[in-house]
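For the sequence shown, numbering that gives the first Met the number 0 begins at 0 and goes up steadily by one. Yeah, the Cβ is synthetic: ideal placement off N, Cα and C, and Gly gets one too. Here the structure is laid out as structure tokens; the discussion comes afterwards.
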Amino acid sequence: MGTWGTGIFQNDVADDVKTAYISKLRIGKSDEEALEEIVSENTDILSDKDDALDFWFALSSVMYDYGRLNEDVRCKAMALLGSDSDSERWDEKELRKRKAELEKLKSKLSAQMPPRKKVAVTRRFECPWNKNDIFFAEINSICGSEKQGFLVFCVFGTVLFDARIDGLGDILPVTYLKYTRELPDDLREIDDLPFIMNHKERNDYRFLWLYDGFSRIKKKFVFGGNYDFRRPDTKDSITFDDELYIMENWHNIDRYI
0 MGTWGTGIFQ NDVADDVKTA YISKLRIGKS DEEALEEIVS ENTDILSDKD
50 DALDFWFALS SVMYDYGRLN EDVRCKAMAL LGSDSDSERW DEKELRKRKA
100 ELEKLKSKLS AQMPPRKKVA VTRRFECPWN KNDIFFAEIN SICGSEKQGF
150 LVFCVFGTVL FDARIDGLGD ILPVTYLKYT RELPDDLREI DDLPFIMNHK
200 ERNDYRFLWL YDGFSRIKKK FVFGGNYDFR RPDTKDSITF DDELYIMENW
250 HNIDRYI
């Protein structure tokens, strides 16, 4: 794990612990659930002597800041702070700075804990679109393009993707994208429209649409029906590698027009 300073959170383990703990609170985990999960998910780290120090120092500090530090975690951190186990990791110059940081943490954990900080819970987004749904959106209603006509969204399916907060599990739509000058009289007509390519190097026409911006334009989509449209390929699943390449923001949609 990387270290870039002597501060409590200036290493990968501590930074990850802080982020993960706050994320658990933000997705609605109780104090007990957040603590239990953060410990159970880091058994490998806790089995390493040095990483375990960074883990407990970081966890105790962030729990204190959020008014949720319990006595077990406080005692664990205080015992490690008093053991001098951390000293052998640092050279003489860094050790002085590190000891000053640990003294600050020790004083902090010994002081009266601040009031419990309220954490706004982020609700996960669940796209209501279903596989083979067809939606039409007038181009100038969903972006700044002056091009006339409609974008056709052919729904490949949905995927669970932690785009905003780890563990939140947004359900996001994956679509193919086409263009038509006018709305078709029959959905079968869309099979004759060419697909718009997303990622040329991977020859992929699918788009994983992220949450941001959808609420602003969702009323602009017109449902055309559910139709088993002709696909440009036979790949029927999406890997994590695929997700990284095909994800896109709604506000970037005009680049494909």
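**Message:** Short of 7 Å in beta carbon distance, which residues of its chain neighbour Arg88, apart from the five on each side in sequence? Order them along the chain.
**Reply:** Asp49
**Asked** Any chance the stretch 117 to 126 sits against the stretch 180 to 197, with 3 or more Cβ pairs inside 8 Å?
**Response** no
**Cut-off 6 Å between Cβ atoms - residues of its own chain near Pro231, not counting five sequence neighbours on either side** = Phe194 and Tyr204
**Asked** Ordered along the chain, which non-local residues of its own chain (more than five positions away) have a Cβ less than 8 Å from that of Trp55?
**Response** Val72, Lys75, Ala76 and Leu79
**Message:** In this structure, how does DSSP classify Val12 when only helix, strand and coil are distinguished?
**Reply:** helix
**Item:** C-beta contact flag for Glu40 and Lys28 at 9 Å
**Value:** no
**Item:** Rounded C-alpha distance that separates Glu93 from Val16
**Value:** 23 Å
**Prompt:** Is the beta carbon of Glu100 sitting closer than 9 Å to the one on Gly6?
**Reply:** yes
**Request:** Could I get the ranges of all uninterrupted beta strand (DSSP E) runs contained in the stretch 11 to 66, with 3 residues as the minimum, in chain order?
**Result:** none
**Asked** Are the stretch 134 to 152 and the stretch 212 to 219 in contact at 8 Å, needing three or more beta carbon pairs?
**Response** yes
**Asked** Given Ser260, which residues of its chain have a CB within under 7 Å of its CB, disregarding the five upstream and five downstream residues?
**Response** In this structure the chain extends from 0 to 256, so residue 260 is not present and cannot be described.
**Message:** If you follow the alpha helix (DSSP H) that Tyr244 is in, where does it begin and where does it stop?
**Reply:** Phe239 to Ile245
**Request:** Enumerate, from N- to C-terminal direction, the unbroken beta strand (DSSP E) stretches of 3 or more residues contained entirely within the stretch 87 to 150.
**Result:** 132 to 137
**Inter-residue Cα distance where the pair is Asp240 and Arg95** = 44 Å
**Prompt:** Do you know whose CA, among Phe8, Pro113, Lys105 and Asn197, lies nearest Tyr255's CA?
**Reply:** Asn197
**Item:** Residue from Glu145, Asp90, Gly148 and Cys126 whose Cα sits closest to the Cα of Phe155
**Value:** Cys126
**Request:** Check whether the Cβ atoms of Leu176 and Phe160 sit closer than 9 Å, and answer yes or no.
**Result:** no
**Asked** In terms of residues, what are the limits of the beta strand (DSSP E) holding Ile170?
**Response** Asp169 to Thr179
**Prompt:** Quick one: is Ala33 buried, meaning 16 or more other Cβ sit within 10 Å of its Cβ, or exposed?
**Reply:** buried
**Item:** Limits of the alpha helix (DSSP H) - the one that Leu186 falls within
**Value:** Careful: Leu186 lies outside any alpha helix (DSSP H) and carries neither H nor E.
**Asked** Can you tell me whether Phe267 is buried or exposed, with buried defined as 16 or more other CB within 10 angstroms of its CB?
**Response** No statement about residue 267 is possible, as the shown extent of the chain runs from 0 to 256 and does not include it.
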